[in-house]
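*Asks:* Before we start, here is the structure in question, set down as structure tokens.
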Amino acid sequence: MFEYAKFAVWQIYRIMKIPAKIAVNKKQELILRRFTLNDADELAQVANYSEIAIHLRDSFPYPYYRKDAVGWLEYLEAGLEQVWAITLHEKIVGAIGLIPQADVNRYNMELGYWLTPAYHHQGIMSLVIPILLDKVWRYSDIHRVYAVVFAENSNSARLLEKCGFIREGHFKASAYKLNHWVDELVYATHRPIDKNLEMEEDI
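Residue numbers (our numbering): 1 to 203.
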């Protein structure tokens with residue numbers, strides 16, 4: 001049991017150096033920052049849309065109540081996932097996060113993200129994802145970042161392709177969502193091998 005505990009602590013430590021606050025554009029209008037418990041009310045408001053939940057795992061509820069926001073924010077305090085609020089002009093408009101994997105997959109992270117519907121189709125996520133990936137390569141030893149999307153979510157699939165992800169797999173009827181079976185697509189990108197990445201100062 002002690003060895004498992006040490007391994008879990010090591011998994012968390014090795015990704016903690018990814019900055020807590022990241023400027024996506026030079027004007028700093030679009031910023032990623034870590035969530036806090038003080039975000040519960042705002043999070044409950046921007047996350048409470050079926051258009052978001054329909055494309056995510058069932059652990060993301062709809063309706064999305066304040067108690068759901070509080071419970072999730074308390075979970076984040078444990079540090080098992082690295083999640084940033086996507087803020088535009090200091091307002092939360094979505095979230096993006098990384099889930100470390102374990103054992104032989106320990107150099108992998110799963111990417112997850114969502115935007116509140118009012119900010120869809122504005123190019124926000126296509127700016128955010130490459131910036132976050134750059135920080136992953138600079139501040140961790142992660143080798144591969146992957147994302148799993150429902151095949152019905154063609155917008156997300158195109159977004160990942162635009163951000164340089166390659167489709168690695170198509171799993172038939174592998175998920176059960178909203179009372180029917182859906183296909184899942186796996187996209188991934190790997191650490192660049194032709195770049196000399198150096199630490200840089202963040203806000």
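No residue lacks a Cβ here, since even glycine has one placed at the ideal position from N, Cα and C.
Measure the CB-CB distance between Gly97 and Leu115 and report whether it falls below 8 Å.
*Replies:* Taking the sequence shown and counting its residues from 1, one reaches residue 97 at position 97. Taking the sequence shown and counting its residues from 1, one reaches residue 115 at position 115. No, the pair does not count as a contact, with Cβ atoms beyond the cut-off.
*Asks:* Pick out whichever of Asp41, Arg191, Asp141, Arg66 has its Cα sitting closest to the Cα of Pro130.
*Replies:* Within the sequence shown, numbered from 1, the residue matching residue 130 stands at position 130. Selected option, being the one with the closest Cα: Arg191.
*Asks:* Grab me the residues of Ala40's own chain with a C-beta within less than 7 Å of its C-beta, minus the 5 sequence neighbours each way, in chain order.
*Replies:* Reading the sequence shown from its first residue, position 40 is the one you call residue 40. Arg66, Ala69, Val70, Leu73, listed in sequence order.
*Asks:* Is DSSP giving Gly94 helix, strand or coil here?
*Replies:* Position 94 of the sequence shown, counted from the start, is the residue given in the question as residue 94. Reduced to three states, the DSSP call for Gly94 is strand.
*Asks:* Do Pro117 and Met109 have their beta-carbon atoms positioned less than 8 Å apart in this structure?
*Replies:* Here residue 109 refers to the residue found at position 109 of the sequence shown. Here residue 117 refers to the residue found at position 117 of the sequence shown. For Met109 and Pro117, no; Cβs fall outside 8 Å.
*Asks:* I'd like to know if Val148 contacts chain C, where contact means its C-beta is closer than 8 Å to some C-beta of that chain.
*Replies:* Annotation note: the requested chain C is absent from the structure, which comprises a single protein chain.
*Asks:* Around the C-beta of Leu132, are 16 or more other C-beta atoms found within 10 angstroms, so that it is buried, or is it exposed?
*Replies:* Along the sequence shown, one-based indexing puts residue 132 at 132. Result: buried.
*Asks:* Along the chain, where does the beta strand (DSSP E) that runs through Glu168 open and close?
*Replies:* Taking the first residue of the sequence shown as 1, we reach residue 168 at position 168. Per DSSP, Glu168 belongs to the beta strand (DSSP E) from 166-177.
*Asks:* Within its chain, find whatever has a CB closer than 8 Å to the CB of Thr87; leave out the 5 residues flanking it on each side and keep chain order.
*Replies:* In the sequence shown, counting from the first residue as 1, residue 87 sits at position 87. Leu30, Ile31, Leu32, Arg33, Val93, listed in sequence order.
*Asks:* Taking its Cβ as the centre, do 16 or more other Cβ atoms sit within 10 Å of Gln82, making it buried, or is it exposed?
*Replies:* Numbered from 1 along the sequence shown, position 82 holds the residue referred to as residue 82. It counts as buried.
*Asks:* Do you know how far the Cα of Arg144 is from the Cα of Glu152?
*Replies:* Residue mapping note: residue 152 aligns to position 152 of the sequence shown, counting from 1. Residue mapping note: residue 144 aligns to position 144 of the sequence shown, counting from 1. Cα-Cα distance, rounded: 24 Å.
*Asks:* Between the Cα of Thr189 and the Cα atoms of Ile54, Trp137, Trp181, which residue gives the shortest distance?
*Replies:* Within the sequence shown, the letter at position 189 stands for residue 189. Among Ile54, Trp137, Trp181, the Cα nearest to that of Thr189 belongs to Trp137.
*Asks:* Pick helix, strand or coil for Pro61, following the three-state DSSP scheme.
*Replies:* For the purposes of this step, residue 61 is taken as residue 61 along the sequence shown, with counting starting at 1. Coil, per DSSP.
*Asks:* To the nearest angstrom, report how far apart Asn179 and Ala23 are at their CA atoms.
*Replies:* Stepping through the sequence shown from its first residue, residue 179 is reached at position 179. Stepping through the sequence shown from its first residue, residue 23 is reached at position 23. Near 40 Å, if we compare the C-alpha coordinates of Ala23 and Asn179.
*Asks:* Along the chain, which unbroken stretches of the alpha helix (DSSP H) at least 4 residues long are found entirely within the stretch 118-169?
*Replies:* The qualifying runs are 124-139, 154-162.
*Asks:* Over what stretch of residues does the alpha helix (DSSP H) that includes Arg106 continue unbroken?
*Replies:* One-based indexing of the sequence shown puts residue 106 at position 106. Looking at the DSSP string, Arg106 is not in any alpha helix (DSSP H), and its letter there is neither H nor E.
*Asks:* Within the continuous alpha helix (DSSP H) that includes Glu42, where are the two ends?
*Replies:* In the sequence shown, residue 42 corresponds to position 42, counting from 1. First-last of the alpha helix (DSSP H) with Glu42: 40-46.
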